[in-house]
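Chemist: Using this note's numbering, read the sequence shown as starting at 34 and increasing by one per residue. Even glycine gets a Cβ: it sits at the ideal position worked out from N, Cα and C. Only a predicted model underlies this, so the values are computations on that prediction, with no experimental measurement involved. Structure in structure tokens, see below.
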Amino acid sequence: MGAKTFRWSRLRLVNPESSSLILKNIEQNLIKDLEAIETKIRVLRDLNLNPEISIKRLKRKYTVLSGRFKVTKTKWMSARKLWSFDAEKQLKRTYNLLIGTRRAIIERESSV
């Protein structure tokens, strides 16, 4: 069973007592989404240390991760407006990991 919602702005809580449960579930989903991206960022950082992996391949993987992060960020920024759930701190941490990985790839490229 399920439902499709096209207008997220029209969603409202039916039972105010369940709002803490909803916020807990939202936070768990955020953590799950960001952990998946952060794991892939760490794998990319490890690949960057391997000289056998081409820079072109690293950049391709970085581009995919960057796009995935943008989609996740958009999703959680809309959750901020909808549910008043602030995920900015967690998103900023993941973004900083992503930027650090990008810098490491650029440094490796310039040293070659």
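Would residue 70 and residue 101 be called neighbours here (beta carbons separated by less than 8 Å)?
Modeler: The residue given as residue 70 occupies position 37 in the sequence shown. The residue given as residue 101 occupies position 68 in the sequence shown. In this structure, residue 101 lies closer than 8 Å to residue 70 by Cβ.
Chemist: Give the range of the alpha helix (DSSP H) segment to which residue 52 is assigned.
Modeler: Here residue 52 refers to the residue found at position 19 when the sequence shown is read from its first residue. Element bounds for residue 52: 52-82.
Chemist: Assess, as a yes-or-no matter, whether the segment 60-70 is touched by the segment 103-116 under the definition of 3 or more beta carbon pairs within less than 8 Å.
Modeler: The segment 103-116 is in contact with the segment 60-70.
Chemist: May I ask which residues mark the beginning and end of the alpha helix (DSSP H) holding residue 102?
Modeler: For the purposes of this step, residue 102 is taken as residue 69 along the sequence shown, with counting starting at 1. 88-116 is the extent of the alpha helix (DSSP H) around residue 102.
Chemist: With three or more beta-carbon pairs closer than 8 Å as the criterion, would you say the segment 109-119 touches the segment 130-143?
Modeler: no
Chemist: Is residue 140 helix, strand or coil when you go by DSSP?
Modeler: Within the sequence shown, residue 140 is the residue found at index 107, counting from 1. Three-state DSSP puts residue 140 in a helix.
Chemist: How big is the Cα-Cα spacing for residue 88 and residue 74?
Modeler: Indexing the sequence shown from 1 puts residue 88 at position 55. Indexing the sequence shown from 1 puts residue 74 at position 41. Roughly 15 Å between the two C-alpha positions.
Chemist: When the Cα of residue 98 is compared with those of 84, 128 and 119, which residue comes out closest?
Modeler: Along the sequence shown, one-based indexing puts residue 98 at 65. For residue 98, the nearest C-alpha among the options comes from 128.
Chemist: Does residue 34 come out as helix, strand or coil in the three-state DSSP assignment?
Modeler: Residue 34 sits at position 1 when you count from the first residue of the sequence shown. Because residue 34 carries a pLDDT of 46, less than 50, the predicted location of this residue cannot be relied on, and no value is offered for it.
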